[in-house]
Each structure stands twice: as structure tokens, then as C-alpha cells.
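Heads up, the thing below is written out as C-alpha cells.
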Amino acid sequence: MSARVIRLSRFLRWGAAAVFCCVLAPRLLGDAVDYVNPLICTKGDNGQQFPGAVVPFGLACVSPDTDGGAHSGYYYESTNIHGFSHLRAGGAGCGGVGGNILMKPGIGSFTSDRNLYKEPYQKSSESASAGYYSVALNSGIKAEMTASPRVGFHQ
Numbered sequence: 000m001s002a003r004v005i006r007l008s009r010f011l012r013w014g015a016a017a018v019f020c021c022v023l024a025p026r027l028l029g030d031a032v033d034y035v036n037p038l039i040c041t042k043g044d045n046g047q048q049f050p051g052a053v054v055p056f057g058l059a060c061v062s063p064d065t066d067g068g069a070h071s072g073y074y075y076e077s078t079n080i081h082g083f084s085h086l087r088a089g090g091a092g093c094g095g096v097g098g099n100i101l102m103k104p105g106i107g108s109f110t111s112d113r114n115l116y117k118e119p120y121q122k123s124s125e126s127a128s129a130g131y132y133s134v135a136l137n138s139g140i141k142a143e144m145t146a147s148p149r150v151g152f153h154q
């Protein structure tokens, strides 16, 4: 084989690989964000991560706070939600109770007793994806959260 044929063959192979990687693969596989599972590392070892809504390098990390003494404030096996906090550090490996600025949607009169305002939730209704979290509380309230680089949004 001549050197030209070999160079042409290499060019075609690398060109075909580039076309596949840059054009065809994203269309066949979908967006990388579709493969994100925020519930990873929320069970066992007292939960080191949280499943809430956050953007990369964002200030707001809107996520549920549950029973269970998890370092991140969320424990997968818990059955009660205390509320949804905004500022937290996941995976830090130190003790804590989750985030700050706790908000809790509810029906009825206000109480500051954490044991009274915690509420059971429907585990099967819990949904978490990149930048989004939702759950249905037993009171009938559906809580949905998303985040921007500086703010957390509730619905």
C-alpha cells in the first residue's frame, strides 16, 4: 500500500469516529443530564448526599430535611419530612442536620416544635432529576423545587 492510501484510510477512520461521537451519539444516547440520579449516596452511612435541586456551583441547594440523623439532612429510608432547606454542603463527611433556611408547606396552625410539624410523605411519589425535586406529602400537598445559580424556587 502506498503512503497516500494509508493516510486516507486513517483520515476516514478518524473522520467516521468524529462524526459518530459528535453528531450521531448524542442523538442516539440523549443528553448526559438524562443519566443523572440525585438519589445516589442518600442511603447507608447516614446519607452523605442530598437529592434536591441544585445547579453546578450554585448557591441554593433546595432539598428535603428528614429524620434519620443524616449528615446532609436527608436520609433515603426516612418516612418523615421536616421541611425543605436552601443552603447545605453535601458529601462533607461531618455531622450536621442539613441545611439552613428551612421552609415547610403545610395546612393548619403554625408550630415551631419540629416533632409536630414533621410530616410523612409518599416515598413512591418522590422524583429527583438534575435541577429538580418533587414529593407528595400525606397532607395532600405536592412540593416541587428547582434552583438557579443564586435562588431556590418552590411550588
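Numbering (numbering that gives the first Met the number 0), first residue to last: 0 to 154.
All residues carry an ideal CB built from backbone N, CA and C; glycine is no exception.
Check	Outcome
Among GLY151, SER1, LYS117, ARG9, the one whose alpha carbon lies nearest that of LEU86	GLY151
VAL134 versus ILE80 - alpha carbon distance	10 Å
Cβ neighbour criterion (16 or more within 10 Å) applied to GLN121	exposed
Residue closest to LYS42, alpha-carbon to alpha-carbon, out of SER128, TYR73, PRO119, MET144	TYR73
As assigned by DSSP and simplified to three states, the class of LYS122	helix
Buried versus exposed, by CB contacts within 10 Å (16 or more), LEU28	exposed
N-terminal and C-terminal residue of the beta strand (DSSP E) that TYR116 is part of	Run containing TYR116: none in the beta strand (DSSP E); it sits in the alpha helix (DSSP H), 113–116.
Three-state secondary structure (DSSP) of TYR34	helix
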